[in-house]
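The working numbering applies: residue 175 is where the sequence shown begins, and numbers increase by one. Just so you know, even glycine gets a beta-carbon here, dropped at the ideal spot from N, CA and C. Note that this is a predicted model, so its numbers are computed, not measured. Notes to accompany the following structure.
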Amino acid sequence: MSDSKPVRVRFAPSPTGPLHIGGARTALYNWLFAQTQGGTFLLRVDDTDHARSSEESLNNILDGMRWLVMDWDEGPDKGCDFGPYFQMQRMGGYKPRLEKLVAEGRAYPCFCTPEQVQEGRERQEKEGGRPMYDRRCRSLEAAEAKSRVEEGEAHTIRFAMPEGKIVIDDLIKGSVEVDLAEIDDWVMMRADGTPLYNLCSTLDDLDMEITHIIRGEEHFVNGVKQVLLFQALGHEPPRFAHLPLILGKNGKKLSKRMAQTNLPDYRDQGYPPKAIVNFFTLLGWGFDAEREIFTMEEAIERFSLDKVQKSGSILDDEKMSWMCGVYIRNESRAELLGHVTPFLVAEGLCTEEEVAQHRAWFENLVACYQERVRTYGELPPKVVHYLRGFEDYEPKAWKNLNKKEGTAELLEAYKESLAALALPPSRPDRLDEADTTVLLPTDKVEEVPAEGSTPFLYPKHIENAAHALAKSREIGFGQLVHPIRAALTGSAMGPSLFDVVYLLGREECERRLDRAIAALSK
Ligand code: GLU
């Protein structure tokens, strides 16, 4: 292939199931390569497996690609010169060329029944050969074959494999010598007249002027068949690049048991797509020796196929999760809220209108949990109590309430101390100005505004007041804080307690303290 041709690559999924991690990585590498080369990335739907193809799967694949923010230049939904982009709609172009190959002796009709093919295979194996089609129809006289075809005898069309060896110059695997005797005279067209993958794919790649075929390692042998077919058709084949397998942590081929393998599951659980794209980009390629977090713009500047590793790449789901956490931490509060809102709404915790109406409060709420989640989907269960209250104390929280004698009285004293503080009111009567104070996770606050400079006390001031109370009662801070947290949240864990107090507001804190006091006196 001459390197001066404009680069055209394709992702050619079969819409027979949801978008798989491996497919998403293939699409991504094609997309990245097109971007680096100023080339065209097209999407072709390999839907010739009519029985297993469905519109649902196709939509799932397209949605998954859009979710990963990979757009295609040509494809089913974009009118372009090389269409149609559904293989089923391209059938008309296959038959005449297949007939020409038969006329030239590069392919031949095979009249063997499946049983005969099987019997031939077994016999060859018994005789110490490879279990392959015994090629008996290949030696039929052309005239005899022709007349049997014309008489309507059932037949497939097989490719007549040449003899010898071929060297495939793969852009990732390097030069690989293949003994052609190892490959069957493969079927190009079934007896019912439907063409098979290697035929359709080659003709479409040819007609769509594909310059580089980038796809998973499992297609390497198909690559050999396709190179031979390109040559038989009198064309130079495109360049091939077969990506390393994606492996599970045990080094074996990734399976559903080892990790979540369908992309939609990641989306539905609220993994940040930018983190996923970053992570997938590293499944076979490295940005540099130090950096693992980078933008796609940065990746485009550096990506090259010859730097893709040959050996399998391990999908480490813990690392993926870590990376998601990094991306979430780097989001602005507004972005985070935008991403989390659909999950809050789906859980029935609030409506989009409520979020829009009380944006500042919701931003404060999600910001307090920003460091504590790795997916957007993890956030709703953590904040449910602000929006819905809680039913029971978690066992550990209940233990914290009951650890010491006199906790009810301590909670009473805390409640009284709150009365003297300028706390913001609780929802739904909370005023917008309460949340003009921007909450950061307390340990990130560098400068606390002076007391009195904000309409309501800042969480740090609420914390100072609690310290004063602990001091006056001569108890450790923990002794005060643990039961209060349990009383206010029903849980033993969470973000800074004084952010919680601030977010809940005065009336709700009082209500929850009263509830704990009552529960303790039972
Ligand atoms: N439809 C094939 C698949 O999904 C395409 C393989 C190729 O890229 O040629 O595996």
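Report the three-state DSSP secondary structure of residue i (helix, strand or coil).
| i | result |
| --- | --- |
| PHE207 | helix |
| VAL398 | helix |
| ARG647 | coil |
| LEU677 | helix |
| ASP688 | helix |
| THR628 | coil |
| SER176 | With a pLDDT of 45 at SER176, under the threshold of 50, the modelled position of this residue cannot be trusted; read the value that follows with caution. Coil at SER176, not helix or strand. |
| ASN538 | helix |
| HIS393 | helix |
| PHE260 | strand |
| PRO369 | strand |
| VAL500 | helix |
| GLU248 | strand |
| THR616 | Model confidence at THR616 stands at a pLDDT of 47, short of 50, so the residue's coordinates are unreliable; what they give is reported in the following sentence. DSSP places THR616 in helix when its eight states are reduced to three. |
| MET362 | strand |
| LYS696 | coil |
| HIS656 | helix |
| LYS577 | coil |
| LEU595 | coil |
| ALA640 | helix |
| LEU202 | helix |
| THR549 | coil |
| TYR588 | helix |
| ALA406 | helix |
| GLU682 | helix |
| ARG310 | helix |
Just confirm the distance between the C-beta atoms of residue i and residue j, as a whole number of angstroms; I'd bet it's less than 8 Å.
| i | j | result |
| --- | --- | --- |
| TYR282 | GLY294 | The Cβ separation is near 15 Å, so there is no contact. |
| THR591 | LEU631 | It is worth fixing the name first, because residue 591 is Ser in this sequence and not Thr. About 12 Å separates the two Cβ atoms, so there is no contact after all. |
| ALA582 | LEU694 | 4 Å |
| LEU232 | PRO189 | 4 Å |
| LEU553 | TYR543 | 6 Å |
| VAL514 | ILE467 | Between ILE467 and VAL514 the Cβ distance is about 21 Å, and since that is not below 8 Å, they are no contact. |
| LEU217 | ARG184 | 7 Å |
| ILE488 | LYS423 | 6 Å |
| VAL482 | ILE346 | 5 Å |
| GLY279 | ALA319 | That belief does not hold up - the Cβ atoms of GLY279 and ALA319 are roughly 10 Å apart, past 8 Å. |
| LEU677 | LEU510 | 15 Å between Cβ atoms; not a contact. |
Based on DSSP bridge pairs, tell me the residues matched to residue i.
| i | result |
| --- | --- |
| CYS284 | THR330 |
| GLY421 | Looking at the sequence shown, residue 421 is not Gly but Leu. According to DSSP, LEU421 bridges with LYS427 and ILE488. |
| HIS125 | No information on residue 125 is available, as it lies outside the stretch 175 to 696 that the chain covers here. |
| GLU528 | Bridge partners of GLU528: none, in fact. |
| HIS194 | ASN436 |
I'd like the span of the beta strand (DSSP E) that includes residue i, first residue to last.
| i | result |
| --- | --- |
| ILE388 | 386-390 |
| LYS339 | 339-344 |
| LEU217 | 214-217 |
| PHE185 | 182-185 |
| GLU351 | 348-353 |
By the DSSP assignment, the alpha helix (DSSP H) with residue i in it spans what residues?
| i | result |
| --- | --- |
| VAL451 | 447-455 |
| GLY238 | 229-241 |
| GLU471 | 470-476 |
| VAL557 | 553-562 |
| GLU512 | Sequence inspection shows Gly at residue 512; the Glu mentioned does not correspond to that position. First-last of the alpha helix (DSSP H) with GLY512: 507-520. |
| ARG441 | 437-442 |
| PRO270 | 268-277 |
| LYS320 | 316-324 |
Taking 8 Å as the cut-off, is the C-beta of residue i nearer than that to any heavy atom in the ligand GLU?
| i | result |
| --- | --- |
| PRO145 | Only positions 175 to 696 of the chain appear in this structure, which leaves residue 145 out of reach. |
| THR200 | yes |
| ALA316 | no |
| SER506 | no |
| ASN233 | no |
| TYR371 | yes |
| ARG389 | yes |
| PRO187 | yes |
| ASP220 | yes |
| ASN396 | yes |
| HIS386 | no |
| SER375 | yes |
| ARG184 | yes |
| GLY197 | yes |
| HIS393 | yes |
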